[in-house]
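Engineer: Protein chains in written order, with the working numbering: chain Z, -4 to 284; chain W, 3 to 261; chain Y, 54 to 342. Where a beta carbon is used, it is the ideal one built from N, C-alpha and C, also for glycine. Pasting a structure here, questions to come.
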Amino acid sequence: MAARPGLESDPLVNTSIALCTRSLYYRYEDTPALNGIDLQVADNAYLAIVGQNGSGKTTLVKHFNGLLKPDTGQVTVYGQDTTRASVGELARVVGYVFQNPDHQIFCSTTRDEISFGPRNLGLDPGEVRERTNDALAAFNLQAYAEIPPAVLGFGLRRKVSIAAVYAMRPRVFILDEPTAGLDRRSAGELLQRMEELHRQGHTLLLVSHDMRIVAEHAREMLVMHDGHVLAHGPTREVLRQTEVLERAQIRPPQIMELGRRLAEWGLPDDALTVDEFCEAYARARKARP
Amino acid sequence: MSSRYDLYQPGDSWLHRLDPRVKLLLAVCGSLVLLVFVNLWVIIAALLLALAALWSAGVSRERISAVWKALLPTMILVAVFWVILYPGEGPALVSFWIVHITAASVAQALAIALRLGALAFTIFLWLFTTDQSTLVRSLVALGLPYTWGLTLAIALRYLPTMANALRMVSDAQQARALDLTKGNPLKRGRAYIPIIVAMIITALRTAENLSRALESRAFGAPRQRTFLRQLAFRRVDLIWTVGILLATGLLLWARLVLG
Amino acid sequence: MSVLSVEHISYAYPPLLPEGQPFPVLQDVDLSLDRGEFLALMGPTGGGKSTLCMTLNGLVPQNTGGVFGGRVMVLGHDTRRTPVAELATHVAMVYQDPESQLFNTTVEDEVAFGPENLGVDAHEIVERVEWALRLVQMSEHRLRSPAQLSGGQKQRVAIAASLAMLPQVLILDEPTSGLDPVGQFEVFSVIGELCRARQTTILMVSHDAERIAEFADRVAVLWQGHIARVDSPLAVFEDTELLEQAGLEAPQVTEVAAGLNRRYGTHFHFTRLDRAAWQLAQDLKATRS
């Protein structure tokens, strides 16, 4: 597992727990948003966070880069208490890609847009240039480097916003609905890139409503509802908990429901991919009655 | 349910049921009278009347104290400056350096300061008890071109949305290590450019979508536009209108002739 | 009976900069829509689906300018010549972004807006507003501001506002992308109701293959500027080559069918969960006995 150059020397990287919350409570004015969250996310985890809008998902992840500070309780990033670090300092370690790319885009060229983050980190111009080129290449955006990102199509703007955070080389990536509104190919390309990041040692937090993508890619899953964590564990195990999913008003991928309907024939209710299901089906066919 | 950006407090009091055009007239005439009078007792009377009306309309204490809190700094500032700059006649109560404070100037300063409050509450008689939709409708009924009314309605409707977008854009840029706290005021001002530009682009995109949505709902059709919301001018509204106009006329005459 | 016919249209957006080139999006599109049918439109992101929708209500080319070739006839009206406001009485459109298509201060005003513009009698407006709000189940929210509504609620109001104009054709441009599962469920429930009532002709743009399989009579694939295929959902979703080329997704159960057919020589054909469960159960019964 080769980490990308530049990560090992980072002083904040010193434990095997990437993100940790302890009795985290938070309210927006009068409404409670987080009701006592205890959570540990290991280094190099690939965690999907699911739940309705208003369940507290976004509120939770905003604590990880210091945009929000806990009312009570503690939040640490690689051992660093977030109340004792600025958002800028935490941005070095935790990169947050917001759901709407238009909330970030403002530069007159894609190159400037992507180099904005590294420049804010105070890196020298040579380093900034190198990281920008690296990010442009990683997301196939070289052809658009001198074009204003605001005039690009939605899929490309989405890529630009992710590349812009990628260029900051954070250890942790939080991605809020990165595949929403994308067709399958574009979504697939993005998810492939994310798999590579995971292989390279990064920790990924994926906030998503697309249960199929969660099932096919995320290693762990966290289900939130009403400011509480209803379940946290390996994806397969969590998706099997039908009552939890119902409470959180989430529908599992179609093949899981299909498996459940054919359970009397020995079909599994926890197939994560189409291939898995097909193989299980073949086995069920051959089985003795 | 009203948001933080909506002044309206829902209710069904006599004041709520009054025609919004009458309330606008009340706000305008009331303000006119207040601007013309400088007598402390008149101003206090107007203030108490406005507060009494708001109280009887069921407007919450929180709202009223919020207005006081917002106005207090300005009121104090105005009073202090008045007292220093306009010493009245009569014996000085306090005297040092260039400051001569007389009883007359204190009374005057109090009047000027309280007038701010009275003006505010007179206008809030109208704004606290009229919802945005009815308000715009009443302006159009009074002769405001419909397009202007729609523009006003759109601005009011998008206020909370834009405020929210501003927060989100600010968060997104800060997540890219944009520092909004360091440096001199000029530097800090420049740090807001990424936020402002992203906001402007978002606003432009919204505007483009809006124009398409407007057209898809037949906006600008060459027909006589009708209205769902009908305003009913009742007898009590007529009585109030006459009453307001008479009272205003009388008070203005009194001020001009009697002083 | 055809309510809508798109005949050999080509379209290029005006250039972004004065000295630039027009931006071609549609090459040679032919499509027709019959009364009461539900047509789903799929295609890659940025492929011209929204543009095609806007040719149906006249916004393209009347609002957008650009270079327009061919002809679109809507209920006997030519969309190049008939004013957009007039076409709006026949074709209503719900856009992708819930936020920027609701602009009045209350839900009630929003739904009344269209009829008001058309000079409909006040009594009738009241009836239409009541009817439309009841259909989308938003009656209790009639005095709220759109700014306070959830995504699903906003889109339902947008649908009500469109229906209040009593159009023959309703176009839905990705009505649920960006909504959470509850919001998606709410919006698709309403669409399902409309579908069952069979009074409105519907054209829906979506990436959600499973929902398309649930509602659509026919599916059209817009790819590289023209309609690559228009056929029954089954035929389109089984055309794996086309889906692969265009980067589109089939319902998960259809992928299961394709996987099983490919591997074990079976002959499964389904796009929906019920049929899948039934066919697979039949097969298991047959092979086990």
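For a contact meaning CB atoms closer than 8 Å, what does residue 248 of chain Z contact in chain Y?
Structural biologist: In the first sequence, residue 248 of chain Z corresponds to position 253, counting from 1. Those within 8 Å of residue 248 of chain Z in chain Y are 305.
Engineer: Determine which residues of the segment 142 to 158 of chain Y have a Cβ less than 7 Å from any Cβ of chain W, and write them out in chain order.
Structural biologist: Here the close residues are 142, 145, 146, 148, 150, 152, 153, 154, 156, 157 and 158.
Engineer: Helix, strand or coil for residue 104 of chain W per DSSP?
Structural biologist: What you label residue 104 of chain W is simply residue 102 of the second sequence in a count that begins at 1. It is a strand residue.
Engineer: Thinking residue 205 of chain Y and residue 240 of chain Y are a contact (beta carbons under 8 Å), I'd like their distance in whole angstroms, please.
Structural biologist: As a working mapping, residue 205 of chain Y is identified with position 152 in the third sequence. As a working mapping, residue 240 of chain Y is identified with position 187 in the third sequence. With a Cβ gap of about 6 Å, residue 205 of chain Y and residue 240 of chain Y count as contacting.
Engineer: Give the interface partners of residue 97 of chain Y over in chain Z, defined as CB-CB distance under 8 Å, in chain order.
Structural biologist: Numbered from 1 along the third sequence, position 44 holds the residue referred to as residue 97 of chain Y. Per Cβ cutoff of 8 Å: 178, 180 and 181.
Engineer: Roughly how many angstroms separate the alpha carbons of residue 180 of chain Y and residue 163 of chain Y, rounded to a whole number?
Structural biologist: To locate residue 180 of chain Y, count along the third sequence from 1; it is residue 127. To locate residue 163 of chain Y, count along the third sequence from 1; it is residue 110. Distance between the alpha carbons of residue 180 of chain Y and residue 163 of chain Y is about 14 Å.
Engineer: What do you reckon, are the CB atoms on residue 172 of chain W and residue 197 of chain W nearer than 7 Å?
Structural biologist: By one-based count along the second sequence, residue 172 of chain W stands at place 170. By one-based count along the second sequence, residue 197 of chain W stands at place 195. Yes, the pair counts as a contact, with Cβ atoms nearer than the cut-off.
Engineer: By DSSP, does residue 273 of chain Z sit in helix, in strand, or in coil?
Structural biologist: The residue you call residue 273 of chain Z lines up with position 278 of the first sequence. Note: residue 273 of chain Z maps to helix in three-state DSSP.
Engineer: Return the residues of the segment 189 to 208 of chain Y that lie within a Cβ-Cβ distance of less than 7 Å from chain W, sorted by chain order.
Structural biologist: Of all residues in the segment 189 to 208 of chain Y, 197, 198, 199, 200 and 201 have a Cβ within less than 7 Å of some Cβ in chain W.
Engineer: Taking only beta carbons into account, state which residues of the segment 201 to 220 of chain W come closer than 8 Å to chain Z, listed in chain order.
Structural biologist: If the cut-off is 8 Å between Cβ atoms, the segment 201 to 220 of chain W has 203, 204 and 207 near chain Z.
Engineer: What residues in its chain sit with their C-beta under 8 Å from that of residue 245 of chain W, if we drop five residues either side in the sequence?
Structural biologist: Counting from 1 along the second sequence, the entry for residue 245 of chain W is found at position 243. Excluding sequence neighbours, residue 245 of chain W sits near nothing in its chain.
Engineer: Below 8 Å on the Cβ atoms is my contact criterion, and I expect residue 202 of chain Z with residue 230 of chain Z to pass it. Report the Cβ-Cβ distance as a whole number of Å.
Structural biologist: As a working note, residue 202 of chain Z is residue 207 in the first sequence. As a working note, residue 230 of chain Z is residue 235 in the first sequence. That pair is no contact at about 15 Å.
Engineer: Is residue 194 of chain Z helix, strand or coil by DSSP?
Structural biologist: Counted from its first residue, the first sequence places residue 194 of chain Z at position 199. Reduced to three states, the DSSP call for residue 194 of chain Z is helix.
Engineer: For a contact meaning CB atoms closer than 8 Å, what does residue 155 of chain W contact in chain Y?
Structural biologist: On the second sequence, position 153 is the one that residue 155 of chain W refers to. Correct list: 156, 157, 158 and 162.
Engineer: What residues match up with residue 60 of chain Y in a beta bridge as DSSP calls it?
Structural biologist: Counting from 1 along the third sequence, the entry for residue 60 of chain Y is found at position 7. For residue 60 of chain Y, which the question treats as bridged, DSSP gives the partners Y/124.
Engineer: Using CA coordinates, which residue listed in Z/110, Z/191, Z/40 and Z/120 is at the minimum distance from residue 180 of chain W?
Structural biologist: Position 178 of the second sequence, counted from the start, is the residue given in the question as residue 180 of chain W. Nearest C-alpha to residue 180 of chain W: Z/110.
Engineer: For the alpha helix (DSSP H) containing residue 244 of chain Y, list its first residue and its last residue.
Structural biologist: As a working note, residue 244 of chain Y is residue 191 in the third sequence. Run containing residue 244 of chain Y: 234 to 250, per the alpha helix (DSSP H) assignment.
Engineer: Leaving out five residues on either side along the sequence, give the residues of the same chain with a beta carbon under 8 Å from the beta carbon of residue 25 of chain W.
Structural biologist: The residue you call residue 25 of chain W lines up with position 23 of the second sequence. Same-chain partners within the cutoff: 17, 127, 128, 131 and 132.
Engineer: Any chance you could list the beta strand (DSSP E) runs of at least 3 consecutive residues sitting entirely within the segment 151 to 188 of chain Y, in chain order?
Structural biologist: None, since the segment 151 to 188 of chain Y contains no complete beta strand (DSSP E) of that length.
Engineer: I'd like to know if residue 333 of chain Y contacts chain Z, where contact means its C-beta is closer than 7 Å to some C-beta of that chain.
Structural biologist: As a working mapping, residue 333 of chain Y is identified with position 280 in the third sequence. Cβ-Cβ to chain Z under 7 Å: yes for residue 333 of chain Y.
Engineer: How big is the Cα-Cα spacing for residue 267 of chain Z and residue 215 of chain W?
Structural biologist: Translated into positions along the first sequence, residue 267 of chain Z becomes position 272. Translated into positions along the second sequence, residue 215 of chain W becomes position 213. C-alpha separation (whole angstroms): 41 Å.
Engineer: Can you list, in chain order, the residues of its chain whose CB lies under 6 Å from that of residue 39 of chain Z, leaving out five sequence neighbours each side?
Structural biologist: Mapped onto the first sequence, residue 39 of chain Z falls at position 44. Closer than 6 Å at the Cβ level, and outside the excluded window around residue 39 of chain Z, lie 196 and 198.
Engineer: Sorted by chain position, which residues of the same chain lie with C-beta nearer than 8 Å to residue 141 of chain Z's C-beta, five sequence neighbours on each side aside?
Structural biologist: Along the first sequence, one-based indexing puts residue 141 of chain Z at 146. These residues qualify, in order along the chain: 104, 105 and 106.
Engineer: At what residue ranges does the segment 277 to 308 of chain Y contain a whole run of the beta strand (DSSP E), taking only runs of 3 or more?
Structural biologist: With a minimum length of 3 residues, the continuous beta strand (DSSP E) runs that stay inside the segment 277 to 308 of chain Y are 279 to 284.
Engineer: How should residue 135 of chain Z be labelled, buried or exposed, when 16 other C-beta atoms within 10 angstroms of its C-beta is the threshold for buried?
Structural biologist: Taking the first sequence and counting its residues from 1, one reaches residue 135 of chain Z at position 140. Classification for residue 135 of chain Z: exposed.
Engineer: Pull out every residue of the segment 151 to 175 of chain W whose Cβ sits closer than 7 Å to any Cβ of chain Y, in chain order.
Structural biologist: Per Cβ criterion, the list reads 155, 156, 158, 159, 162 and 163.
Engineer: Closest to residue 210 of chain W by CA distance: which of Y/102, Y/153 and Y/128 is it?
Structural biologist: Taking the second sequence and counting its residues from 1, one reaches residue 210 of chain W at position 208. Measuring from the Cα of residue 210 of chain W, the nearest candidate turns out to be Y/153.
Engineer: Use the C-beta contact count for residue 64 of chain Y: other C-beta atoms within 10 angstroms, 16 or more gives buried, fewer gives exposed.
Structural biologist: The residue you call residue 64 of chain Y lines up with position 11 of the third sequence. Residue 64 of chain Y comes out buried.
Engineer: Name the residue from Z/22, Z/260, Z/94 and Z/74 whose alpha carbon lies nearest to the alpha carbon of residue 149 of chain Z.
Structural biologist: Here residue 149 of chain Z refers to the residue found at position 154 when the first sequence is read from its first residue. The residue with the shortest Cα to Cα distance from residue 149 of chain Z is Z/94.
Engineer: Do you know offhand how far residue 95 of chain W's Cα is from residue 98 of chain Z's?
Structural biologist: The sequence position of residue 95 of chain W within the second sequence is 93, counting from 1. The sequence position of residue 98 of chain Z within the first sequence is 103, counting from 1. In a straight line, the C-alpha of residue 95 of chain W is about 60 Å away from that of residue 98 of chain Z.
Engineer: Among the residues of its own chain, which have a CB less than 8 Å from the CB of residue 196 of chain Y, if the five just before and after it don't count?
Structural biologist: In the third sequence, residue 196 of chain Y corresponds to position 143, counting from 1. Cβ within range, chain order: 159, 160 and 161.
Engineer: Could you confirm whether any beta carbon from chain Y is found closer than 7 Å to the beta carbon of residue 150 of chain Z?
Structural biologist: Locating residue 150 of chain Z in the first sequence gives position 155, counting from the first residue. Yes, because at least one Cβ of chain Y sits closer than 7 Å to the Cβ of residue 150 of chain Z.
Engineer: Leaving aside the five residues before and after residue 28 of chain W along the sequence, list all residues of the same chain whose C-beta is less than 7 Å from its C-beta, in chain order.
Structural biologist: Locating residue 28 of chain W in the second sequence gives position 26, where the first residue counts as 1. Only 127, 128 and 246 meet the Cβ criterion.
Engineer: Is there at least one Cβ from chain Y nearer than 7 Å to residue 15 of chain Z's Cβ?
Structural biologist: In the first sequence, residue 15 of chain Z corresponds to position 20, counting from 1. By this cut-off, residue 15 of chain Z is not an interface position.
Engineer: At a Cβ threshold of 7 Å, is residue 171 of chain Y touching chain W?
Structural biologist: The count along the third sequence starts at 1 and reaches residue 171 of chain Y at position 118. It does; some Cβ of chain W falls within 7 Å.
Engineer: Using a Cβ distance threshold of 8 Å, determine whether the segment 115 to 132 of chain Z contacts the segment 177 to 184 of chain Z, with at least three qualifying pairs required.
Structural biologist: No, the segment 115 to 132 of chain Z does not touch the segment 177 to 184 of chain Z.
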